[in-house]
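S.K.: Start counting the sequence shown at 0; every next residue gets the next number (numbering that gives the first Met the number 0). From the three backbone atoms N, C-alpha and C, an ideal C-beta is built for every residue, glycine too.
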Amino acid sequence: MRHPDDPHLSIGDFRTLSGLLQTACGQDLAPEMRATVERKLRDRLLILGLESFAEYFRLLRADPKARDELLTAIELISTHETYFFREEYQLRAFSDEVVPLLQPAAQLRKRFSIWSAGCSTGEEVYSIAAILQESNPSPNVPFRVLGSDISKGCLAHARRGVYAQAAMRATSIERTQRWFDQTNAGWMVKSSLRSMCQFGHVNLLDGERIASVGTVDVIFCRNVLIYFNDRTRREVIEHFYDRLVPGGVLFLGHAESLLNVSTDFELLHLRRDLAYRKPLSATDDPSVNLMGAGAVADPLRGSTIRSRSQSDEPMRQNKRVSS
Ligand SMILES: C[S@@+](CC[C@H](N)C(=O)[O-])C[C@H]1O[C@@H](n2cnc3c(N)ncnc32)[C@H](O)[C@@H]1O
0 MRHPDDPHLS IGDFRTLSGL LQTACGQDLA PEMRATVERK LRDRLLILGL
50 ESFAEYFRLL RADPKARDEL LTAIELISTH ETYFFREEYQ LRAFSDEVVP
100 LLQPAAQLRK RFSIWSAGCS TGEEVYSIAA ILQESNPSPN VPFRVLGSDI
150 SKGCLAHARR GVYAQAAMRA TSIERTQRWF DQTNAGWMVK SSLRSMCQFG
200 HVNLLDGERI ASVGTVDVIF CRNVLIYFND RTRREVIEHF YDRLVPGGVL
250 FLGHAESLLN VSTDFELLHL RRDLAYRKPL SATDDPSVNL MGAGAVADPL
300 RGSTIRSRSQ SDEPMRQNKR VSS
C-alpha cells in the first residue's frame, strides 16, 4: 500500500525514467507499468534518503555515481524471471539438430562456444551445459557456455550457482539427482557443469562490450528482446550477427521473432522449432576457401563450413568478458 507521503511517480516522471532506461539498456516501459515501477523504486528512494523522483533523476544524471545507480534502477525494474530447462523443446532442438550440424567445423576449430545473452541468474546457462553433456557430444570438442547479463546481482547469483526450489519447477527428479547437490542454502549446481560455464557483464547495447565476447557458434537470447523497441532490437540482432561464425545459429524465445526486423539471417527449420542462421557465405575472411583443405560438409545445406583460425580460442575470448 502506498502511504500519502511516499514518493509519487507522476506521468512526467515516468516518461523521464522511460527515456533514461531506453538510452541505458534499450528497455521500453509500457505506460501500464507505472504503478509497478513506482512500487519497485520507492524502497530505493527511501534507502537513499530521497523524497521525490525528481531528486532521484538528478542522482541518475550525476557523474560519476550515476552509472552504478542506473544499473541498480535497471536491475530493480527489469524482469529476471527464469528457471532450469525453460522451453526444453528448444534446448532439445539445439542438442539434437544444431550441435551435430555445427560440430564438425567446431572440431576443426577445437572449440564450440555458446553464448546465453541476457541469462539472468544463470539457469539457462547451466541447462544448456547439462543438455549438452546428456547428449554425449564428441569428447574432442571443448564446449564452453558463456552467460551474460546487464544485472550484476543476477551474475553474482549465477556464479554462486545455488537455487531455490522454484527454479527447479521444470527439472525432472533424474536431472535433479544428476546435476545438483542439495545444500542448506538450496540446490547447488555440480562442478561438472560449473566448469563448462562462465559469466560476464554485458549490456546488449554496448557494441564494444559485445565484441569482447569474441565469436561464438550459437547464441541464445530468449525472453530479452521482448522488452526492447524495434530499433534497439535491430541493433542487438546486428551485434549477434557479427558475433556468430558463418553458419552459426541464433535462438530466440518462443514469443520473439525477427519477423519485423530485416536481417541477413536465414531461417533454419528444425523439427519442432525455428531458429536463425548466419549464412555460410557470410565471411570476408580471405583464408576461407569453401572447397579447400579443412572444409567440412554441412549436412543441412550440402555446402561447407570451413574451420576458422585456431587462435580464436574460446577461453581467451570468454576471459575478455569480466564483471
Ligand atoms: C526474463 S530474463 C530472461 C532469462 C533467460 N534468458 C530465460 O529466458 O529464462 C531477461 C534478462 O535480460 C536482461 N537484460 C535486459 N536488458 C538487457 C541489456 N540491455 N543487456 C543485457 N541484459 C539485459 C535482464 O537483466 C534479465 O535478467
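Any C-beta of chain C sitting closer than 8 Å to the C-beta of residue 157?
M.R.: No chain C is present in this structure, which holds just one protein chain.
S.K.: Could you check if residue 180 is buried or exposed, using at least 16 other CB atoms within 10 Å of its CB as the buried criterion?
M.R.: Here residue 180 corresponds to residue number 181 of the sequence shown, with the count starting at 1. It is exposed - the Cβ of residue 180 has fewer than 16 other Cβ atoms within 10 Å.
S.K.: CB of residue 42 to nearest heavy atom of ligand 2: below 7 Å?
M.R.: Ligand 2 is not part of this structure, which contains only ligand 1.
S.K.: Hey, quick one: how far does the beta strand (DSSP E) through residue 124 stretch, first residue to last?
M.R.: Position 125 of the sequence shown, counted from the first residue, corresponds to residue 124. Looking at the DSSP string, residue 124 is not in any beta strand (DSSP E); the run it does join, the alpha helix (DSSP H), is 122-133.
S.K.: In chain order, which beta strand (DSSP E) runs of at least 3 residues are fully inside the region 170-213?
M.R.: DSSP runs (the beta strand (DSSP E)) wholly in the region 170-213: 179-182, 185-188 and 196-200.
S.K.: Could you pull out every residue in the same chain whose Cβ sits closer than 7 Å to the Cβ of residue 228, ignoring the five residues on either side in sequence?
M.R.: Residue numbering aside, residue 228 sits at position 229 when the sequence shown is read from its first letter. The answer, listed in chain order, is 27.
S.K.: Counting Cβ pairs, one atom from each stretch, are 3 or more of them under 8 Å apart for the region 73-82 and the region 108-116?
M.R.: No: fewer than three Cβ pairs fall under 8 Å.
S.K.: Between 7, 35, 127 and 13, which lies nearest to residue 197 when the distance is taken from Cα to Cα?
M.R.: Locating residue 197 in the sequence shown gives position 198, counting from the first residue. Looking at the Cα atoms, 127 is the closest of the given residues.
S.K.: Which residue wins for smallest C-alpha separation from residue 24, given the options 280, 232 and 54?
M.R.: Counting from one through the sequence shown, the residue named residue 24 turns up at place 25. Nearest C-alpha to residue 24: 232.
S.K.: Assuming residue 162 and residue 185 form a contact by the criterion Cβ under 8 Å, report the distance between their Cβ atoms to the nearest whole angstrom.
M.R.: Position 163 of the sequence shown, counted from the first residue, corresponds to residue 162. Position 186 of the sequence shown, counted from the first residue, corresponds to residue 185. 5 Å between Cβ atoms; contact.
S.K.: Taking three-plus beta-carbon pairs below 8 Å as touching, is the region 244-263 in contact with the region 129-137?
M.R.: No, because fewer than three Cβ pairs between the region 244-263 and the region 129-137 fall closer than 8 Å, the two stretches do not touch.
S.K.: Taking only the alpha-carbon atoms, compute the straight-line gap between residue 41 and residue 81 and give it to the nearest angstrom.
M.R.: Start at 1 with the first residue of the sequence shown, and residue 41 comes out as number 42. Start at 1 with the first residue of the sequence shown, and residue 81 comes out as number 82. So the alpha carbons of these two residues sit roughly 25 Å apart.
S.K.: Would you report the Cα separation of residue 192 and residue 265, rounded to the nearest angstrom?
M.R.: By 1-based counting over the sequence shown, the position of residue 192 is 193. By 1-based counting over the sequence shown, the position of residue 265 is 266. When rounded, the distance between both Cα atoms is 32 Å.
S.K.: Checking 8 Å against the spacing of the C-beta atoms, do residue 212 and residue 145 come in under that value?
M.R.: Here residue 212 refers to the residue found at position 213 when the sequence shown is read from its first residue. Here residue 145 refers to the residue found at position 146 when the sequence shown is read from its first residue. Yes. Within cutoff.
S.K.: Rounded to whole angstroms, what is the Cα-Cα separation between residue 294 and residue 206?
M.R.: As a first step, residue 294 must be located in the sequence shown, where it is residue number 295. As a first step, residue 206 must be located in the sequence shown, where it is residue number 207. Confidence in residue 294 is poor, its pLDDT being 33 and thus under 50, which makes the residue's placement unreliable; the coordinate value appears in the next sentence. Approximately 31 Å, taken between the alpha carbons.
S.K.: Should residue 79 be listed as close to ligand 1, given that the test is whether its C-beta is under 7 Å from any heavy atom?
M.R.: As a first step, residue 79 is located in the sequence shown; it is residue number 80 there, counting from the start. True, at least one ligand heavy atom lies under 7 Å from that Cβ.
S.K.: Under a three-way DSSP split, which group does residue 252 fall into?
M.R.: As a position in the sequence shown, residue 252 is number 253, starting the count at 1. Residue 252 falls in the coil class under three-state DSSP.
S.K.: For residue 319, which residues of its own chain have a beta-carbon under 6 Å away from its beta-carbon, when the five flanking residues on both sides are left out?
M.R.: Here residue 319 refers to the residue found at position 320 of the sequence shown. Caution applies to residue 319, whose pLDDT of 34 falls short of 50 and renders its modelled position unreliable; the model cannot decide the point.
S.K.: Can you tell me whether residue 121 is buried or exposed, with buried defined as 16 or more other CB within 10 angstroms of its CB?
M.R.: Taking the sequence shown and counting its residues from 1, the one referred to as residue 121 is at position 122. Under this definition residue 121 is a buried residue.
S.K.: Alpha carbon to alpha carbon, what distance is there between residue 136 and residue 86?
M.R.: Within the sequence shown, the letter at position 87 stands for residue 86. Within the sequence shown, the letter at position 137 stands for residue 136. Approximately 21 Å between the Cα atoms of the pair.
S.K.: Can you find a heavy atom of ligand 1 that lies under 7 Å from the Cβ of residue 88?
M.R.: Sequence index remark: in the sequence shown, residue 88 carries index 89 (1-based). No, ligand 1 has no heavy atom inside 7 Å of this Cβ.
S.K.: Measure how close the beta-carbons of residue 143 and residue 195 come, nearest whole angstrom, since I'm counting them as under 8 Å.
M.R.: Taking the first residue of the sequence shown as position 1, residue 143 is located at position 144. Taking the first residue of the sequence shown as position 1, residue 195 is located at position 196. Residue 143 to residue 195, Cβ: 6 Å. Contact.
S.K.: Going by the beta-carbon positions, is the gap between residue 236 and residue 214 smaller than 8 Å?
M.R.: The sequence position of residue 236 within the sequence shown is 237, counting from 1. The sequence position of residue 214 within the sequence shown is 215, counting from 1. No. Outside cutoff.
S.K.: Are the CB atoms of residue 141 and residue 189 nearer to each other than 8 Å?
M.R.: For the purposes of this step, residue 141 is identified with residue 142 of the sequence shown, where counting begins at 1. For the purposes of this step, residue 189 is identified with residue 190 of the sequence shown, where counting begins at 1. Not closer than 8 Å, so no.
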